[in-house]
Each structure stands twice: as structure tokens, then as C-alpha cells.
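Structure record follows, encoded as C-alpha cells.
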Amino acid sequence: MTSYSNNKTKDLVRISLFMAIIILQSWVPFLGNITIPLYPLAITFIHVTVIVATLYLGTKAGVIVGGVWGVNSLIRAYVMPTSPMYIYVFNSPFVTILPRMLMPLIVGFISHKILSKSVSFKVNAAISGVLGSLLNTVLVLGSIVVFRREQYLSIQDASMETLWSILSGIVIANGIPEMILAGILVPVILIALKGVNGERK
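According to the working numbering, the sequence shown is numbered sequentially starting from 622.
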């Protein structure tokens with residue numbers, strides 16, 4: 622019972638640390654994204670923290686951490702909006718919270734149930750990083766199309782005919798660099814965490 626309690630306490634502390642990191646990344650400039658000079662869009666890497674939590678602590682922990690990210694995104698949309706997109710699009714929990722909880726749920730299932738049985742730890746981590754980043758982009762954009770399409774089109778001064786070209790541009794400009802970054806960072810961070818804790822890779 623004591624060992625079980627100690628493990629539960631350790632897991633709770635670890636989840637709390639990941640939640641704290643997410644909160645810092647959500648509110649402190651440059652901790653959650655990279656702004657490249659002359660590049661039109663910021664490269665986000667907060668999802669890397671969620672993916673690492675999912676692979677290191679388990680799917681349930683990843684969903685919790687992803688939910689914290691989503692809640693903070695929703696709060697920012699109301700108290701510190703930086704563009705009309707925040708005010709009219711990211712003010713919906715279906716756009717900010719739902720995708721951030723679905724992503725670790727899917728990544729956790731694929732990583733723990735499929736990849737862990739067929740590939741090495743490092744390959745699993747790299748694939749999960751790329752997959753998680755892709756899912757984050759697709760799920761958020763998909764949620765916008767389903768739940769905030771009219772508002773999004775109005776802000777972009779676009780029509781349904783041009784919507785898919787706009788979304789494709791976002792996937793190329795943001796999604797691909799974020800996938801590459803996640804594919805590199807996730808295994809590196811996981812290897813470091815396991816090394817610090819003396820765990821077998």
C-alpha cells in the first residue's frame with residue numbers, strides 16, 4: 622500500500638509539473654512558440670509538452686495536460702486576445718479544448734498499443750511527435766471549420782471556395798515545421814527524462 626501511495630504521489634507531482642509548464646508556455650512570450658523574422662506565422666511547440674506527457678506519464682495524464690492547455694487558450698481568448706481570431710474563433714471550447722484533449726488520446730493509443738510493440742523507443746517517440754503535431758494542426762483547423770466556420774471566413778475575408786486553400790497554406794507554413802520540430806524534440810526530451818530518472822530506454 623505504501624509503495625502504491627508513493628507511486629501515486631510521484632505521478633501526481635509529475636503531472637502537476639507538466640501542467641505548470643503548460644501554463645507558463647501559454648502565458649509567457651516565447652516559451653510556447655518561436656517567432657521567426659520575416660516568417661508570416663509563429664511556430665508553436667506547446668503541443669510537444671503534451672506529447673511528452675502522454676508518452677512519459679500515460680494517455681490519461683496526456684489528456685489532462687492537453688485539457689489544461691486548452692483551458693488556458695480559452696481564457697486567453699477572453700482576457701488577452703491578440704487578434705479578432707481569438708475573440709471570435711478561439712472563444713469556443715470546441716476549438717480550444719476539445720482538439721487539445723483528443724490529440725493525446727489518439728497519440729497515446731497509437732504509441733502505447735501499436736508502436737511500442739513494433740518499433741524502438743526512439744522511433745516510437747519520433748513518430749509520436751510528428752503524429753501528435755499533425756493531429757494538433759488538423760484537429761484545431763477541423764474544429765474551426767465545424768464550429769466557427771462563418772466567423773473564420775469573415776475574419777479572413779474569404780469564401781468557402783478559398784477556405785481549403787487557406788487551410789492548406791497554414792498546414793504547409795505552420796504544420797510541417799511544427800511536425801519536424803516535434804519529431805526532433807520529443808525523443809530528445811524523453812531520453813533526457815528517462816536518463817535523469819535512471820529508467821531504461
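Glycine included, each C-beta is placed from N, C-alpha and C at the ideal position. This one's a predicted model, so the numbers in the text were calculated from it and none came from an experiment.
Item, Value
"Excluding the 5 residues preceding and the 5 following M706 in the sequence, name in chain order all residues of the same chain whose CB lies nearer than 8 Å to its CB.", "Y773 and I776"
"Does A641 pass the burial test, meaning 16 or more other C-beta atoms within 10 Å, or should it be called exposed?", "exposed"
"Just curious, the alpha helix (DSSP H) that F711 is in, first and last residue?", "Taken as a continuous stretch (DSSP letters only), F711 belongs to no alpha helix (DSSP H), as it is neither H nor E."
"Short of 6 Å in beta carbon distance, which residues of its chain neighbour M722, apart from the five on each side in sequence? Order them along the chain.", "V684, G687 and G688"
"Apart from the five residues just before and just after I655, which ones in its own chain have a Cβ nearer than 6 Å to its Cβ?", "I664"
"Within 10 angstroms of the Cβ of F715, are there 16 or more other Cβ atoms? Answer buried if so, exposed if not.", "exposed"
"On the DSSP letters alone, give me the boundaries of the alpha helix (DSSP H) that T675 sits inside.", "I667 to L678"
"Between M724 and L755, is the Cβ-Cβ spacing less than 7 Å?", "no"
"Quick one: is L811 buried, meaning 16 or more other Cβ sit within 10 Å of its Cβ, or exposed?", "buried"
"Between W785 and E771, what straight-line distance do the alpha-carbon atoms span, to the nearest angstrom?", "14 Å"
"Can you give me the Cβ contacts of G729 inside the same chain, cut-off strictly under 6 Å, excluding the 5 residues immediately before and after it?", "T675, T680 and G683"
"Below 8 Å CB to CB, which residues in the same chain sit around N693 once its five sequence neighbours on both sides are set aside?", "I643, I644, S647 and W648"
"Among L806, L814 and V744, which has the Cα closest to the Cα of F666?", "L806"
"Does the distance from the C-beta atom of G753 to that of I636 stay below 7 Å?", "no"
"Go ahead and label G796 buried or exposed: buried means 16 or more other beta carbons lie within 10 angstroms of its beta carbon, across all protein chains shown.", "buried"
"Mind checking G750: buried by the 16 CB within 10 Å criterion, or exposed?", "buried"
"Quick one: grab the DSSP three-state call for I655.", "strand"
"Going by the beta-carbon positions, is the gap between V767 and P720 smaller than 7 Å?", "no"
"With DSSP as the reference, identify every bridge partner of I664, one or two as the case may be.", "I655"
"In terms of residues, what are the limits of the alpha helix (DSSP H) holding V809?", "I797 to V817"
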